[in-house]
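A.B. asks: Numbering of the sequence shown is given in the numbering used here, commencing with residue 16 and proceeding in unit increments.
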Amino acid sequence: MNYRHIFHAGNPADVMKHAVLALILDHLRAKPAPFCVLDTHAGIGRYDLTSEPARKTAESDDGIGRLWGRPAPHPGLAPYLDAVQALNPDGALRWYPGSPRIARAALRPQDRMVLVELHPDDARSLKSEFADDRAVSVHQSDAYTALKAHLPPKEKRGLVLIDPPFEQPDEFARMAEGLALAHRRWSTGIFALWYPIKERAAVWRFQDAVEKTGIPKVLIAELTWHPEDTHLRLNGSGLLIVNPPWKLDETLRAMLPALHDALPSTGGGASVSWLTPEAS
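(1) Take residue 269 as the anchor and find which of 163, 284, 195, 214 has the nearest alpha-carbon.
(2) Residue 193: which of 170, 215, 224, 106 sits nearest, CA to CA?
(3) Ends of the beta strand (DSSP E) at residue 3?
(4) Counting along the chain, where does the alpha helix (DSSP H) carrying residue 182 start and finish?
(5) Measure from the alpha carbon of residue 132 to the alpha carbon of each residue in 161, 93, 107, then state which is nearest.
(6) How many angstroms separate the CA atom of residue 93 from the CA atom of residue 45?
(7) Classify residue 266 as helix, strand or coil using the three-state DSSP reduction.
(8) Around the Cβ of residue 67, are there at least 16 other Cβ atoms within 10 angstroms (buried) or fewer (exposed)?
(9) At a cut of 8 Å, does the region 160–178 reach the region 187–202 through at least three beta carbon pairs?
(10) Quick one: what's residue 5 bridged to in DSSP?
(11) Which runs of the alpha helix (DSSP H) at least 4 residues long sit entirely within the region 97–121? Give them in chain order.
(12) Report buried or exposed for residue 86, applying the criterion of at least 16 other Cβ atoms within 10 angstroms of its Cβ.
(13) Of the choices 54, 125, 74, 128, whose alpha-carbon is the least far from that of residue 30?
(14) Could you tell me which residues DSSP pairs with residue 89 in its beta bridges?
(15) Considering only the alpha carbon of each residue, which of 126, 245, 288, 90 lies closest to residue 237?
(16) Report the three-state DSSP secondary structure of residue 72 (helix, strand or coil).
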């Protein structure tokens with residue numbers, strides 16, 4: 016539990032992940048019925064991009080820093096950029112919203128959010144961030160234990176975000192097993208699993224493990240900004256999405272290339288494909 020996201024907040028991987036998250040939430044808002052968001056690796060909620068740890072790496076400069084104060088390169092990025100703007104109303108980019116703040120911006124009075132964070136210091140910060148917010152509950156717990164404890168939600172609609180720090184060498188395997196368990200408990204929910212693209216073989220093994228579960232309707236969205244000729248750096252960011260909203264694939268096929276063009280890169284690109292189609 017040594018990972019601290021403040022060093023990476025707002026980087027290209029965050030931008031891609033949170034832009035897609037905001038789109039999914041926007042789709043959920045389109046129907047009046049309530050929904051629930053379960054975030055299994057919630058972090059601290061918001062990050063100060065002017066802090067010493069953030070400036071030490073300056074990763075946000077090549078991420079949200081390339082979009083801030085400029086016209087959105089694609090309309091699909093609007094929900095995400097609106098959430099960032101809401102934390103920085105004076106026009107200066109200081110605060111970056113983690114996934115809990117992205118999701119909280121999308122909640123309506125009838126919706127709720129369950130946040131899970133294992134790191135004790137981060138869990139305390141998260142509880143402070145959402146103190147007295149009746150729409151949000153915070154739990155210090157293991158992510159995969161939380162899938163058993165909080166699914167299925169009473170709302171019957173919603174999203175589970177699984178976004179590990181990838182400190183453990185078996186994280187891909189744990190994600191695949193966790194998804195299989197969670198899907199058995201709530202087969203109609205939307206699941207979004209984030210993963211880093213460093214070593215392509217590891218990603219293939221993960222996707223193969225998910226495919227072998229027999230879970231239908233699985234979409235893969237990836238954005239890479241370096242050639243995949245080394246596993247020593249973060250070459251890109253991926254999301255495996257189960258039960259994606261209608262036409263999300265079409266939106267991402269247009270939005271992700273535009274996002275790639277807006278961010279600095281030495282190669283790579285965007286791809287959207289179906290790992291498993293909808294069951295017939």
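Built from N, CA and C at the ideal position, the CB exists for glycine as well.
Model, not experiment: these values are computed from the prediction.
C.D. replies: So, from the listed chains and residues:
(1) What you label residue 269 is simply residue 254 of the sequence shown in a count that begins at 1. Of 163, 284, 195, 214, the residue nearest in Cα terms is 284.
(2) As a first step, residue 193 must be located in the sequence shown, where it is residue number 178. For residue 193, the closest alpha carbon among the candidates 170, 215, 224, 106 is that of 224.
(3) Because the chain in this structure spans residues 16 to 295, residue 3 falls outside the shown range and cannot be described.
(4) Locating residue 182 in the sequence shown gives position 167, counting from the first residue. Element bounds for residue 182: n/a, residue is neither H nor E.
(5) By one-based count along the sequence shown, residue 132 stands at place 117. Of all alpha-carbon atoms in 161, 93, 107, the one lying nearest the alpha-carbon of residue 132 is that of 161.
(6) For the purposes of this step, residue 93 is identified with residue 78 of the sequence shown, where counting begins at 1. For the purposes of this step, residue 45 is identified with residue 30 of the sequence shown, where counting begins at 1. Rounded to the nearest whole angstrom, the C-alpha separation of residue 93 and residue 45 is 15 Å.
(7) Within the sequence shown, residue 266 is the residue found at index 251, counting from 1. Note: residue 266 maps to helix in three-state DSSP.
(8) By 1-based counting over the sequence shown, the position of residue 67 is 52. Residue 67 is exposed by the Cβ-count criterion.
(9) Cβ pair count under 8 Å is three or more, so yes.
(10) Within the shown structure, residues of the chain are numbered from 16 to 295, placing residue 5 beyond reach of any answer.
(11) Fully enclosed alpha helix (DSSP H) runs of 4 or longer: 114–121.
(12) One-based indexing of the sequence shown puts residue 86 at position 71. Classification for residue 86: exposed.
(13) Reading the sequence shown from its first residue, position 15 is the one you call residue 30. With respect to the C-alpha of residue 30, the residue from 54, 125, 74, 128 having the closest C-alpha is 74.
(14) As a position in the sequence shown, residue 89 is number 74, starting the count at 1. DSSP output for residue 89 lists no bridge partner at all.
(15) Counting from one through the sequence shown, the residue named residue 237 turns up at place 222. Ranking 126, 245, 288, 90 by Cα distance to residue 237 puts 288 first.
(16) The sequence position of residue 72 within the sequence shown is 57, counting from 1. Helix at residue 72.
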